[in-house]
Each structure stands twice: as C-alpha cells, then as structure tokens.
Amino acid sequence: MNFLAISTEIGILVLALFVMAVDLILPKQETRKSVACITICGLIALLLYGFTQYHFDGSPYFYQNLYFVDNYAIFFKQLFIVAVLFTILFSQDYAQSLLRYRGEFYSLLLFALLGMCVLASANDFLTAFVGLELMTISFYILVGARMSSSNSSEAAVKYLVVGSASTAVMLYGISLVYGSTGSVLFEEICRNPHLLFATSIAGITMILIGFFFKLSVIPFHMWAPDVYQGAPTPVTALLAMGSKAAGLAVLMRVLYTAFPMMGGYWLPILAVLSAVCMIGGNVMAIKQKDLKRMLAYSSIAQAGYMMVGIVAADMPGMKAVLFYAMLYVFANVGAFAVLAVVDQQKGATDHRAVSGLAKSAPILAAVMTISLLSMAGIPPTAGFAGKIYLFTAVVERGYLWLAFVGFVMSMISVYYYLLVAKAMYLGEDRENTKIHISGAVRASVLLSVIATIAIGVCPEQLANITNIAAQTFMR
Amino acid sequence: MGGFPLLSTVLLSPIAAAILLCFISKEAKESVRIIAAGAMTISLALTVFAYFTYDISAGGMQFTEDIPWIKDLGVAYSLGVDGISLPMLLLTDLIGLAAVFSSWNIEKRPKEFFILLLILIAGVTGTFIARDLFIFLLCYEVVVIPIYIMVIIWGSTKRVTKEYAGMKLTIYLLMGSAFMLVGVVALYLQAFPAHMRTFDMEALAMASQLGNFSETFQIFAFFLLLLGFGSLLSMFPFHSWSPDGYAGAPTAVSMIHAGVLKKIGGYGLIRLGLLVLPLGAKFWAPLIAGLAMINVLYAAYIALVQKDLKYVIGYSSVSHMGYVLLGFAALNVISISGAVANMVAHGVMSALFFSMIGYVYEKTHMRSVTELRGLAHQMPRVAVGFMLAGMASVGLPGLIGFVPEFTIFVGSFGVYPIFAILAISGIIFTALYTLRVLAKVLFGPKDTRFDAFRDARGVEMMPLILLGIVLVGFGLFPQVLMGVVGSGVEPLLPLLNHIADAPTLLGGI
C-alpha cells in the first residue's frame, strides 16, 4: 500500500489528535494561544507540502483504487487547508470570548478538514460517504458550539435533521446504483451497461438530490439561511467556503467519472438549477437585514455560478470552477473575518451593527467592501476574472442564456452588496463602540484582500495551477 | 517617440497620485489638492503633446504599447490612440483637471474624495486608450464603484435623495454592462477557434472582415452592445438615470459623467459596434435613428419645464446625445465625424455648465431657476462661463458646438431626411430652454440677496479658463478638431461602402 499517497490526510489526523492531547495536558487558561499556534503552523506546513505533490505522470491510487490522488484532489486539499487556516486565524478572539470548549473547537475544525480532504480524493461511493459524514458530523457539533446561544443550538438541530435526511436519501441512491451495477467504484460504474436501468436512474437522481442538499441548491436550500445565521460566525464562513467546495469537488468527480454517459440526463437539470440558484439566491438576498443571512443567500448564488462551470463539462469549465472556488475562499474570508469581529464586539450582525464601521475601523470597512465586490465580480478584484473564465467556458458549449442570467444577476447582486457598503460608509454608529482588531485578524483580512486583488490583477498564476489540476482529471 | 511610454504615463499618473494620497495625512488638505492637480496637469500636458504630434497623414493607431498579460485568455496590456480616441483622451484629461479645480473648496473628507476622483479619471482614460477589449471592460467597470461612493457621500439631496440617485446611476450602468459583457463574450468566442483567441480589438475587426461572424450573429450581438452602450449614452428609453444621477452627484462627478463617461457609449458603438459588427450596425441603424430623434425632441421638451438647473443640463445632455446617435446611425464618413466631434463639443460645454452650476450652488446653496436671478451683477465671470456654455449648446458659430452639429446634419440629411429635419428643429427647443434659463438666472434686476457672494477668483477660475479656451479655440479653428477626427474616421470609408452595398436580412428596413 502506497501510504505516501495519503500523507496529507495522515498529517491532518495526527495534527487533530495532537491538538486534542495538548488541550488536555496544558493548563486550561493557557491553551488557547498555544493550540491555535500549533494548528496554524501545522496547516502551513501541510499547505506547502501540497505544492510538492503536483505531478505530471500517472496519479497514484491507494488501496484497490478506493482513493485517487490526482492534481485535482491536491488542489482542492490545498483550498480546504487555506480555508481552515484562515478560519482559525480570524476566529481566535471569537473563540476566546464566546465559545466554551476552545481546544475541541480547533480539533473539530481539523476533523472537518480531514473529511473534506477524503471527499476530494474519494474514488468510490463508500469512501466519499465516509468523508461526507466525517465532515458533516463535525459541522453539526461546530454549528452548535455556542452553547449559551439558543440560535446556535437551534441551527445545530436544524442542520442535524436536514443533514441526516439528505444523507439517508443519498445512501439510498447509492444502494440503488450498487444494486443495479454491482459496484461502488466510480470507474467500474461508468463502464457498466446496467446504468441505464430505471433503478439506477432513480439512484442517480437520489444521489444528486443528496448533493444538492449539501450544496444548498434551490429548491433544497431552506436550511441554509437559518443555519448560517445561528452558527458561530467562523463556522458559517467555513460552511460557506469549505463545505460547499468539498461538495462541489466530489460532485464533479461523481458526475464526470461515474456518470459521464448519463450527461444528457443530468446536464439540463444542472443547467436549470444553476440558473435558478443564481436568480433565487440573488433576489432573496436583497431583502435580508442580517448580513449572515444575506451571505447565506449570496452563497447559494455563488454555488449557482460554480455549477455553471460544471455544466460546461470540459477542461475550461472545470478550470473555471477551481479558479472560482479559490477566489471565493478569499472573498469569504474577508467578509466573514470582519463579521466575526463585529459579531464578537457588538453582539449582532445586521446592517445597524456595521453602520459607521468606516469611522471606527476603516480597514475592516475597506476589506468588507472589496470582498463583497469580488463576490459580485467587479474588477479589479478576482471575481471579474473568475466570472469571465466561467462564462466563456459555458458560452462555448452553447449555453449563452446561462451566461446572460449569470451576468445580469451578478449586477443585481451589486445592489445588496452596496447597501452594506452604504451602511458602513454613511451610517452613524450610535453607541460609538471602539472596535479592537487583534494582530491575527488584521493579518487574515489583509492577506485575503491582497490575494483577492492580486488574483484579479494577474490571474495567470492561479489559472496555471488550476489548469494543471483540471488536466489530470480530464485526460 | 523613442521608448517613452506616453500613454501609460497618462493612465498611471492619476493612479500613482491616488496611491500617494493614501499615505498623506487627512489634515493636509492643501497638499492633497496640489498632488491631485499636479498629476492631472502631467496627464493633460502629455495628452496635449500627443494631440499635436499625432501624425494625421499617417493615421491609425499611434503611441502604441504592447505587453502580454493574461496569456490563456489572450489578453494584452495594449494601448494606443487613433483619430477617434485621441480627442476623447484629450477631453478626459481636460475635464479631469477642470474637475479637480472645481472640487478645490471641498471641505468634507477631501483626501478620500480626491483618491476616488483620480481612480475615476484613470478608469475613464483607460477605456479610451485601450486597444484590448478586456482592458476596456475592466476600466469601464472600475469607474462604477467610485461614482457610487462619491454620490452617496458628497452628493446633494434635492428632488431625489443622493442615495437614490447614486443607486440608480450604478444599477443602470451595471445592467448595461451586463448585456455588454454577454455580447463581448459571444464575440470573443465566435471570432477565432480555441488557442487563437484574443481580446485585441483590431484582431476582432479582422475576424469580422474574414467573415467569421454570420449576419444573424452580428445582428444579435450588436443588439446586446446597443443595450449596453445605449444605456450608457442615455439613449431613449434608457435615459432616466442621467438627469437624476447628475442632480444627485457632486460637481466633479457630474462633470466627468456628463462630459466623458457618457461618451464611452458612443465611442464603444463606433469602435466595437461598427468596426467589428458592421452588418449588425446597418440592421439596427434605422431604429437608432428613430430613438435618436426621440432623444433630441423629447428630452429638449422636458428640459423646457425643469426648475432645477442641474435637471435642465441633465435633460439637455440627453438631447445632445440624440445628435450623436443620429450621426452614428446615418453610417457615413461625414456624419460619423460629426458624431465624434459632437461628443467632444458636448463634453466641454456640459462640463463647463456643471462646473458653473457647482460654483453657484457651493456659494448660494440654490440651483432653482425660480430662485436665482440677476447673478451677472454679482458674479460676472461665472456669467461669462454660463454664456459660453449656453451659446455653444445652442450651436452659435464661432463656438465649439456649431461645426459638429452642422456636420451631423449634412451627413445624415441624405440618409434620413425626415429625421434630420425633425432633429434640426430640435435646435429651436434647445435655444428656448437655454435662453430661458440664462435670462432668468443671469440677467434682470440686481437681487441684493446675492450681494454677499463673491465672484469666482484665483483657482476657482481655472475650470472656466481651461474649458473656455478649448470651447472658443475649437470653435474658431474647427480644423484642429475635425482634422484629427477625420483621420480616424476616413479609414472607415471602405467598410461603410461595403455595408451600404451589402444586402441585409430586412434590407435595412
């Protein structure tokens, strides 16, 4: 067995267990700083290690093809590591003041990360399922981590119920596909002639529905706003960028390697749903007063944009999805890091809580504005380049209407993003609270904003990496 | 020119100044203004230099710069100016500098104001000198957000709130650009097979000549571009953002917006619509001519009854854009030269108007035609500015407005005689509303309420001097303007002849 292939996962697991142990051994009042520090250092090491793993020859399998480490998987693992890294970086103060079990918080984040990494590499339905459950169950606990807040507990229960239901649906779908094809390995399913039977089509539908729940695609999105609003703000951030990207990673893997023959069946569904997501998410976001709810709806729309790339179903499309997923991480970090600070120090995340932020914390207001504009796709932020990649890919495949919907809706999204900017720059802060920004938060917002603008101004470096990642997949 | 990157310097000097301003103390108002003015003076000086060294007999793109940028998309940082974009560039830097001087007395957060203003100017400059479509779009979208922030912070609330005005302006601009983006993406993909793709506008025009765009495609894509550029040019029925937006915006934004930003619409229609999609342009030309006529008459008619000075000029600019559209729609060399020259003429006069209104409003906090009267007694210099702009707007010979409008009528009369006659009759309305406003505001008995307000002096005179010189200079020596414009438009002759002969789907309606 080629253990080198799963070295990243082993590293994360060791780190998670180590963090847990350190939390138990060290005296209680000293754990926060050291645990966060250890985690961050470990994750940076893993992130850099990821760069050494890119390869140009055959990609390694692990244990009877259960696990496939191609450049695509490596790219996504790096993306997850970046997401978790930033989340930990900006959540230190938040965790310190609002959460009761700090050490567990970090190790749970790492377990969720492990789940995501397994998802990115999974090459059969069972491994994918294990990864999905590892990630989701960690998130159930993380969402409820603010034990004093009833909103948080409510969100956790809601997430648990909806999540379990969707898991059940997906598992049933997997069993149907297994029943008709006799395999859970993606590559074997792909070649199986029984895939066209009614039972396996029903199975595929159920699997898709399961994924749509996880990705909160309209009409399976009802849980998202409540959960996003109730969850601790850093966890919301990770839900929006990490969990969503993981779902996309495995969805693309399943669709392109297990069911490519059924393209005629799922492509139209995906095209329509991505349009519905872009329209619905953006329109419903307009009315939201709470920024976390607003970002929940906007994340539905963002999932729609990324699905546009899946619809293209070719190399440029996949490259665009990878590119967009990465820039969305940076935009999300910027927005949620600011929200976490506001949430922690003012106890709310609505328009009133951020009003006057431009005076009390100009740097946070600027970061928030730039991050939101990146989500809307206004140059010179990364979002513009990302959308150009996505929509050129899909127009080339003949879906001009999808690009039409996408561009128009992203301009509509500017409206509600600018309402936030207006509150921050024009609004008056009645309580005159002093906003304290710690070094870690400052570092994370600055890094994310620099990344957003750097990718926007010279997208070529990231485009090259995504190209390499997409190439191994689309051989 | 050796290796000196002239156009890059013109583009980057405001950006460099904006970055420099970020590091200057908030309190240092004087240095903020001086840096902004200095950067714009450099840009303007270089532009004037380029304008007079541009080789008219050679024509084509000059002062070119090329640096590959995003290779997998085929984007290059390529700049250059020809006879169509050079006057636009001159206009941008001229109005940019005038706008800086018009904002000299700004008291509220001057540092942020000038940073945003410089970004705005750089963005507009970029659209005119870009030879790459990607850069063009990028620069165009960059300007939207500074405008929004400037309107909601420094704007004024009169008939509509400044928040409403800012949002309306932003939404219209962005919705237009959404349609434009779809059209551009379609163009980009249709032009060349994969691996040869490029956003280079000349290459796209070449693809068009090679016949890579079918006629139906051209008609469809041109329609998308027309929606985008048309709403930017305040083409009826997408014009309503213009008066509201100008009324809410601070003086500098009104000047730049009415003076140059709007002209990106006309410029884009020629550069992209006509050169890349000639058959599409021919198909939609009659519709554009019809809408142009509505623009001219309808907007002028509304301007007659406006009470707020900014609304009068707002509707007047909608009306003047009708002439530009008419010149474009006639699709011949004379009328298109007139359209380009008229964009310049209107830019200068509307910027001067807004600058003068801004000055009066800054002092008296009044903009209403019914309240202001007899200002010529207390503010003779401002009155000169008003008169110059007003007379140019009416089209008085010897000022900048006459020759371009005359050229448009000459060019379009043969193609759309009825529309041309109707549009000429629009001049009567123009004269009516302009003279009515000027008579009420400037002349009549002296009103003692205004005795306390002093006339423009010192730096405040700069917008009047700068714009006034151009207004009279180009009026007395129209050849200085028309020569350069002609050198850009005349190469279109074979293309225009070609589409005039080409049968179209509906025979051009």
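So the sequence lines, in the order shown, correspond to chains A and B. If you use our numbering, the first sequence corresponds to residues 2 to 476, in order. If you use our numbering, the second sequence corresponds to residues 18 to 526, in order. Note that beta-carbon positions come from the ideal geometry of N, C-alpha and C, so glycine has one too.
Separation of residue j from residue i, as counted between CA atoms
{"i": "Ala88/B", "j": "Val335/B", "result": "According to the sequence provided, residue 88/B is Lys. The question's Ala does not apply to it. For Lys88/B and Val335/B, the distance between alpha carbons rounds to 40 angstroms."}
{"i": "Ala247/A", "j": "Ser300/A", "result": "14 angstroms"}
{"i": "Leu328/A", "j": "Ile454/A", "result": "10 angstroms"}
{"i": "Gly344/B", "j": "Pro434/B", "result": "12 angstroms"}
{"i": "Leu447/A", "j": "Met279/A", "result": "29 angstroms"}
{"i": "Ile456/A", "j": "Ile152/B", "result": "15 angstroms"}
{"i": "Cys38/A", "j": "Phe52/A", "result": "22 angstroms"}
{"i": "Val225/A", "j": "Ile41/A", "result": "Checking the sequence, you will find Ala at residue 225/A rather than Val. Their backbone Cα atoms lie some 28 angstroms apart in a straight line."}
{"i": "Glu180/B", "j": "Leu155/B", "result": "25 angstroms"}
{"i": "Met18/B", "j": "Asp72/B", "result": "Residue placement at Met18/B cannot be trusted, given a pLDDT of 45 that sits under 50; the coordinates are not used to answer."}
{"i": "Ser354/B", "j": "Asn514/B", "result": "16 angstroms"}
{"i": "Leu292/A", "j": "Lys347/A", "result": "14 angstroms"}
{"i": "Val368/A", "j": "Gly55/B", "result": "29 angstroms"}
Neighbourhood of residue i by C-beta, 6 angstroms cutoff - its chain only, sequence neighbours within 5 removed
{"i": "Ala266/B", "result": "Val168 and Gly172"}
{"i": "Tyr390/A", "result": "Ala321 and Phe324"}
{"i": "Leu498/B", "result": "Ala358 and Phe491"}
Status (buried if at least 16 other CB within 10 Å, exposed otherwise) for residue i
{"i": "Leu18/A", "result": "exposed"}
{"i": "Thr174/B", "result": "exposed"}
{"i": "Ala519/B", "result": "exposed"}
{"i": "Trp86/B", "result": "buried"}
{"i": "Thr465/B", "result": "exposed"}
{"i": "Ile451/A", "result": "exposed"}
{"i": "Gln79/A", "result": "buried"}
{"i": "Tyr423/A", "result": "Note that residue 423/A corresponds to Lys in the displayed sequence, not to Tyr. With 16 or more other Cβ atoms within 10 Å, it is buried."}
{"i": "Ile526/B", "result": "Only weak support exists for where Ile526/B lies, its pLDDT of 44 falling under 50; the value from the coordinates is given anyway. Answer is exposed; the Cβ neighbour count stays below 16."}
{"i": "Asp58/A", "result": "exposed"}
{"i": "Gly524/B", "result": "Residue placement at Gly524/B cannot be trusted, given a pLDDT of 45 that sits under 50; the coordinates are not used to answer."}
Per-residue contacts from residue i into chain A (C-beta, under 9 angstroms)
{"i": "Leu206/B", "result": "Thr393, Val396 and Glu397"}
{"i": "Ala2/B", "result": "Shown here, chain B extends from 18 to 526; a query on residue 2/B therefore has no answer."}
Residues of its chain near residue i, where Cβ-Cβ distance is below 7 angstroms and the 5 sequence neighbours each way are ignored
{"i": "Ser367/B", "result": "Ala275, Gly276, Ile330 and Ser334"}
{"i": "Lys324/B", "result": "Ser385, Val386 and Thr387"}
{"i": "Val458/A", "result": "Pro381"}
{"i": "Met478/B", "result": "Arg398"}
{"i": "Val284/A", "result": "none"}
Nonlocal neighbours in the same chain, by C-beta distance under 8 angstroms from residue i, ignoring five residues either side
{"i": "Ile36/B", "result": "none"}
{"i": "Asp99/B", "result": "Gly76, Gly77, Met78, Gln79, Ser504 and Gly505"}
{"i": "Arg214/B", "result": "Leu90, Gly91, Tyr205, Leu206 and Ala208"}
{"i": "Gly391/B", "result": "Leu459, Phe460, Gly461, Pro462, Lys463, Asp464 and Phe467"}
Within 8 angstroms, strictly: CB atoms of residue i and residue j
{"i": "Gly428/B", "j": "Ala347/B", "result": "yes"}
{"i": "Val160/B", "j": "Ala222/B", "result": "no"}
{"i": "Cys108/A", "j": "Met21/A", "result": "For the sequence presented, residue 108/A should be read as Ser rather than Cys. Against a cut-off of 8 angstroms, the Cβ pair of Met21/A and Ser108/A comes out as a contact."}
{"i": "Gln395/B", "j": "Phe467/B", "result": "yes"}
{"i": "Ile236/B", "j": "Gly297/B", "result": "yes"}
{"i": "Val202/B", "j": "Phe392/A", "result": "yes"}
{"i": "Met197/B", "j": "Gly245/B", "result": "yes"}
{"i": "Met218/B", "j": "Arg126/B", "result": "no"}
{"i": "Leu44/A", "j": "Val70/A", "result": "no"}
{"i": "Pro317/A", "j": "Ala238/A", "result": "no"}
{"i": "Thr182/A", "j": "Ser201/A", "result": "yes"}
{"i": "Met338/B", "j": "Lys299/B", "result": "no"}
{"i": "Ile413/A", "j": "Ile162/B", "result": "no"}
{"i": "Ile374/B", "j": "Leu326/B", "result": "yes"}
{"i": "Lys245/A", "j": "Ala304/A", "result": "yes"}
{"i": "Lys290/A", "j": "Asp351/A", "result": "yes"}
{"i": "Leu90/A", "j": "Ala441/A", "result": "yes"}
{"i": "Val178/A", "j": "Ile142/A", "result": "no"}
{"i": "Ala116/B", "j": "Ala264/B", "result": "no"}
Chain A residues whose Cβ lies nearer than 8 angstroms to that of residue i
{"i": "Met213/B", "result": "Going along chain A, no residue has its Cβ under 8 angstroms from Met213/B, so there is no contact; the nearest lies around 13 angstroms."}
Beta-carbon neighbours of residue i, restricted to chain B and to distances below 8 angstroms
{"i": "Met412/A", "result": "Ile188, Leu191, Met192, Ser194 and Ala195"}
Chain A contact residues for residue i, given Cβ-Cβ distances below 7 angstroms
{"i": "Leu198/B", "result": "Phe408"}
Cross-chain neighbours of residue i in chain B, by beta carbon under 7 angstroms
{"i": "Ile198/A", "result": "Checking the sequence shown, residue 198/A turns out to be Phe, not Ile. Chain B residues near Phe198/A: none, gap ~37 angstroms exceeds 7 angstroms."}
Cross-chain neighbours of residue i in chain B, by beta carbon under 9 angstroms
{"i": "Ile379/A", "result": "Glu158, Val159, Val161, Ile162 and Leu191"}
{"i": "Val481/A", "result": "Missing from the structure shown is residue 481/A; chain A here goes from 2 to 476 and no further."}
request  = Residues of the region 81-97 of chain B with a CB closer than 8 angstroms to any CB of chain E: list them in chain order, please.
outcome  = In the structure shown, chain E cannot be found, because the protein chains are A and B.
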